[in-house]
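Numbering (the working numbering), first residue to last: 49 to 300.
First comes the structure, then the notes that go with it.
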Amino acid sequence: MTAILQVRDVAKYFGGIRAVDGVSFDLEEGQIVGLIGPNGSGKTTLINVISGVYKPNRGKIFFKGEDITGLDPWDIYHKGIVRSFQVPRLFEKMLVVENVMVAHRNQKGENPVIAPFHSKWKDQEVEYAKTSLHTIREFGLSRVRNNWATELSGGQMKLVEITRSMMSEPRVLLLDEPAAGVAPKLAREIFSHIVRIRDEYGLTFLIIEHRLDILFDYVERVLVMNYGELIYDGDPEGVYKDPRVIDAYLGE
Ligand SMILES: Nc1ncnc2c1ncn2[C@@H]1O[C@H](COP(=O)(O)OP(=O)(O)OP(=O)(O)O)[C@@H](O)[C@H]1O
Ligand SMILES: [Mg+2]
């Protein structure tokens, strides 16, 4: 079986900085993989390259066997690779439920030709509202669904962002610190949701997280980056024993 995502010798430079420098790995469908490494080691840049925000200087990316290298973010999103941001990007002047609904695919009401004809998109809108509310409930956000995005706690914003990324029917989710700045209890809740989603829908996750004690309870595989290179690819237990990782990241 082909891996759902194949990253082959990908490099991204910013002037003289080799942010990502020859990274290769495969993600098998349904895997939950942690991506760790020191600050500035290239984790976010790697996600930016996979999701099309940056074109790589070198290397290839394949999604379900198809070469998607250099496609625009919008095309990659529509193929089913969805990313979240290190700092949540919510629409501040929208309610939680609206923030989640905007991510639905193919909204007829957004088509300027169809928009004036209410009857043509009303049913779809009702259907989308239903699935949005269902997902909001699944993620434990029912209580705040009619709050403004600005009224949420940092942890709730993170949850809304993940909830929203689910609405576009993704196959691969690239999550940039989905639990950063969130208390351990809520962080574990977020990770439990991720495991549940994987079990239910067979989605594949690549997740950046700095708190290894939490991350390692939920992932089966870990990638470690250092100075743009992949220095470890294996199970969580092995991370603490690997000399290169200890040297670069864990210390002592
Ligand atoms: N747009 C950019 N322009 C110039 N340099 C950049 C840009 N984005 C990232 N870099 C540099 O690339 C390197 C990798 O940064 P990146 O944000 O990918 O690291 P990271 O592993 O996500 O770090 P952190 O854990 O702090 O989020 C850093 O040296 C950073 O300063
Ligand atoms: Mg980062």
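From the three backbone atoms N, C-alpha and C, an ideal C-beta is built for every residue, glycine too.
query: Cβ-heavy atom distance, D224 to ligand 2, below 7 Å; result: yes
query: Endpoints, the alpha helix (DSSP H) within which Y249 is located; result: 232–249
query: Given 8 Å, three or more beta-carbon pairs between the stretch 188–207 and the stretch 89–109; result: no
query: Distance cut-off 7 Å: K91 Cβ against heavy atoms of ligand 1; result: yes
query: Reduced DSSP category for M215 - H, G, I as helix; E, B as strand; rest coil; result: coil
query: Beta-ladder partner(s) of D74, from DSSP; result: Q54
query: Range covered by the beta strand (DSSP E) that runs through I116; result: From DSSP, I116 is part of no beta strand (DSSP E); its letter is neither H nor E.
query: For E268: DSSP bridge partner residues; result: In the DSSP output, where bridge partners are listed per residue, E268 has none listed.
query: According to DSSP, residues forming a beta bridge with A59; result: D69, R106
query: Element boundaries [alpha helix (DSSP H), containing Y280]; result: Per DSSP, Y280 belongs to no alpha helix (DSSP H); it is in the beta strand (DSSP E), 277–282.
query: Within 8 Å, strictly: CB atoms of L222 and F73; result: no
query: Ligand 1 heavy atom lying under 7 Å from the CB of F302; result: No statement about residue 302 is possible, as the shown extent of the chain runs from 49 to 300 and does not include it.
query: L254 versus M214: straight-line alpha-carbon distance, rounded; result: 14 Å
query: Ligand 2 heavy atom lying under 7 Å from the CB of I116; result: no
query: Spatial neighbours of L189 in its chain, beta-carbon cut-off 8 Å, leaving aside the 5 residues before and after; result: V144, Q204, L207, V208, T211
query: N274 classed as buried or exposed, judged by whether at least 16 other C-beta atoms fall within 10 angstroms; result: buried
query: Inter-stretch contact (C-beta, 8 Å, three-pair minimum) for the stretch 115–130 and the stretch 182–198; result: no
query: Buried versus exposed call for G299 [16 or more other C-beta atoms within 10 Å across all chains shown]; result: exposed
query: Which residues DSSP lists as bridging I80, in chain order; result: F253
query: Which of helix, strand or coil DSSP assigns to N274; result: strand
query: R185, DSSP secondary structure in three states; result: helix
query: Nearest residue (CA-CA) to V71, options D281, G286, E285; result: D281
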